[in-house]
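Asker: Numbering (this note's numbering), first residue to last: 34 to 178.
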């Protein structure tokens with residue numbers, strides 16, 4: 034028996050549609066986000082990790098920022114994303130988050146704890162996920178002036 038392909042529903046084509054579909058809110062560093070998971074520590078302390086959706090439209094400035102925990106960026110949809118990372122005493126390195134593996138893009142990129150980072154979409158918009166461990170806390174998040 035031959036399997037029949039099921040047509041995919043229409044895909045959102047604008048950042049505004051993605052923001053509405055995923056119920057994203059403005060993020061202080063620039064872009065839009067929604068927390069989707071937070072580990073609850075049994076002792077009430079800082080959990081093991083958090084995860085968010087993060088959408089960066091073209092032309093929206095994502096400011097240099099850092100967190101005190103390791104962060105993994107995951108590519109989900111849209112255009113590739115340029116991620117700049119600055120570790121203390123090291124030159125800024127730039128990586129591309131995306132699916133064109135033969136072109137050097139990667140679907141996951143790690144940012145070490147305490148490293149400065151910023152991102153920009155290389156097209157109309159980019160949807161990524163960010164997983165932080167231990168759990169992200171806004172009071173341990175810093176934006177560079």
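For glycine and all other residues, C-beta sits at the position ideal for the given N, C-alpha and C.
Using 8 Å as the threshold, is the stretch 133 to 150 in touch with the stretch 84 to 103, meaning 3 or more CB pairs across them?
Answerer: yes
Asker: Any idea which residues DSSP pairs residue 129 with across the strands?
Answerer: Indexing the chain shown from 1 puts residue 129 at position 96. Answer is 115, bridged to residue 129.
Asker: Name the two residues that bound the continuous beta strand (DSSP E) containing residue 176.
Answerer: In the chain shown, residue 176 corresponds to position 143, counting from 1. Element bounds for residue 176: 174 to 176.
Asker: Using the beta-carbon count (16 or more within 10 Å), is residue 78 buried or exposed?
Answerer: Start at 1 with the first residue of the chain shown, and residue 78 comes out as number 45. When all chains shown are included, residue 78 counts as exposed.
Asker: When DSSP builds the beta bridges, which residues end up paired with residue 141?
Answerer: One-based indexing of the chain shown puts residue 141 at position 108. Bridge partners of residue 141: 107.
Asker: In its own chain, which residues sit with a C-beta less than 7 Å from the C-beta of residue 66, not counting the 5 before and 5 after it?
Answerer: Within the chain shown, residue 66 is the residue found at index 33, counting from 1. Cβ neighbours of residue 66 beyond the five flanking positions: 57, 58, 60, 85, 86, 87.
Asker: Is it the case that the stretch 111 to 127 contacts the stretch 68 to 82, given that we only count it when at least three CB pairs across the two stretches are under 8 Å?
Answerer: No: the two stretches stay apart, fewer than three of their Cβ pairs being nearer than 8 Å.
Asker: When the Cα atoms are used, what is the spatial distance from residue 51 to residue 153?
Answerer: As a first step, residue 51 is located in the chain shown; it is residue number 18 there, counting from the start. As a first step, residue 153 is located in the chain shown; it is residue number 120 there, counting from the start. Rounded to whole angstroms, residue 51 to residue 153 spans 17 Å at the Cα level.
Asker: Using a Cβ-Cβ cutoff of less than 6 Å, which residues in the same chain neighbour residue 172 once the five nearest sequence positions on both sides are dropped?
Answerer: Reading the chain shown from its first residue, position 139 is the one you call residue 172. So no residue of the chain qualifies.
Asker: Please identify the residue among 167, 158, 164, 168 whose C-alpha is closest to the C-alpha of residue 95.
Answerer: Numbered from 1 along the chain shown, position 62 holds the residue referred to as residue 95. Comparing Cα-Cα distances from residue 95 to each of 167, 158, 164, 168, the minimum goes to 158.
Asker: Would you tell me roughly how many angstroms separate the C-alpha atoms of residue 48 and residue 126, rounded to the nearest one?
Answerer: By one-based count along the chain shown, residue 48 stands at place 15. By one-based count along the chain shown, residue 126 stands at place 93. Those two C-alpha atoms are separated by around 27 Å.
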